Amino acid sequence: MGRTGGMMKTRDKILDCAQRLFSEEGFDKVSTKRIAKEAECNEVTIFRLFGTKNRVLEEIINKFVEESKIIRSLHESLTGELEQDIAKSILLYQNFLHQHEIIFRLQLKLSDSENQKFLRTIDFKNYLVDHFIGVFHEHKIHYSPETFVNDMLSSVMGSFLLKILTQGKFTGERDGHFLSEKIKFYQNSINQYKKTE
Numbered sequence: 001m002g003r004t005g006g007m008m009k010t011r012d013k014i015l016d017c018a019q020r021l022f023s024e025e026g027f028d029k030v031s032t033k034r035i036a037k038e039a040e041c042n043e044v045t046i047f048r049l050f051g052t053k054n055r056v057l058e059e060i061i062n063k064f065v066e067e068s069k070i071i072r073s074l075h076e077s078l079t080g081e082l083e084q085d086i087a088k089s090i091l092l093y094q095n096f097l098h099q100h101e102i103i104f105r106l107q108l109k110l111s112d113s114e115n116q117k118f119l120r121t122i123d124f125k126n127y128l129v130d131h132f133i134g135v136f137h138e139h140k141i142h143y144s145p146e147t148f149v150n151d152m153l154s155s156v157m158g159s160f161l162l163k164i165l166t167q168g169k170f171t172g173e174r175d176g177h178f179l180s181e182k183i184k185f186y187q188n189s190i191n192q193y194k195k196t197e
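Per full-length UniProt numbering, the very first residue in the sequence shown carries number 1; after that it's consecutive.
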């Protein structure tokens, strides 16, 4: 393996270890020395590759933003059918949170970081609001799409956070049941705002 390949492998290992440590203990509590020990490299290597601990964090967040394909998934999945789009939105967001749980844990541990938190959730919300403006108009729904989307995503995020904070004890093994009920609730609740001719 060439020098460049070895450096990339070391860089990735540092990022993986830092991401895990930051999400478990918080950004401020983890030193570059500790990251180096976990990544089995010298602390000098971290400074040479990243410059500062803040740059390590920025790289982790940037990598997450680049790898996240959530908006493309939304674009490919949503059809304009009201009830199907509600179900798909909830399921996609739930899957997205679970796939990136470690990043969300990390963002929760960040206190006053300069990095923007929950970038993808904000993008996801904005995309859905724009989408449901058209869908609500088409289906003659007289309700604020932004309020609907905010409430729907807050409910999914709230369940996700409770699961993290209670280590799965809040819902136990009934996650699937609660998710199905949540989908039905939002599908049924929005129908009451349909304007009848």
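Glycine included, every Cβ here is placed at the ideal spot set by N, Cα and C. Note that the structure is a prediction, hence the values are computed from the model and not measured.
{"query": "According to DSSP, residues forming a beta bridge with residue 141", "result": "194"}
{"query": "Segment contact, 8 Å Cβ cut-off, at least three pairs: the stretch 142-162 with the stretch 40-47", "result": "no"}
{"query": "Every unbroken alpha helix (DSSP H) within the stretch 29-102, with a cutoff of 4 residues, ordered by chain", "result": "32-39, 43-50, 53-67, 70-77, 82-99"}
{"query": "Anticipated Cβ contact below 8 Å, residue 82 with residue 129, distance rounded", "result": "Incorrect: roughly 15 Å between the Cβ atoms, too far for contact."}
{"query": "For residue 164, the nearest candidate out of 106, 59, 57 (CA to CA)", "result": "106"}
{"query": "Status (buried if at least 16 other CB within 10 Å, exposed otherwise) for residue 122", "result": "exposed"}
{"query": "Through-space distance from residue 29 to residue 9, alpha-carbon basis", "result": "25 Å"}
{"query": "Helix, strand or coil at residue 169 [DSSP, three-state]", "result": "coil"}
{"query": "Same chain, Cβ closer than 7 Å to residue 149, five either side skipped, listed in chain order", "result": "125, 128, 129, 132"}
{"query": "Pair within 8 Å by beta-carbon distance, residue 43 and residue 32", "result": "yes"}
{"query": "Three-state class that DSSP yields for residue 27 in the structure shown", "result": "coil"}
{"query": "Cα-Cα separation, residue 152 to residue 85", "result": "12 Å"}
{"query": "Residue 181 versus residue 174 - alpha carbon distance", "result": "11 Å"}
{"query": "Other residues of its chain near residue 88: CB distance less than 7 Å, five sequence neighbours each side excluded", "result": "77, 78"}
{"query": "Exposure of residue 162, with buried meaning 16 or more beta-carbon neighbours within 10 Å", "result": "exposed"}
{"query": "Contact check, residue 15 vs residue 59, beta carbons under 8 Å", "result": "yes"}
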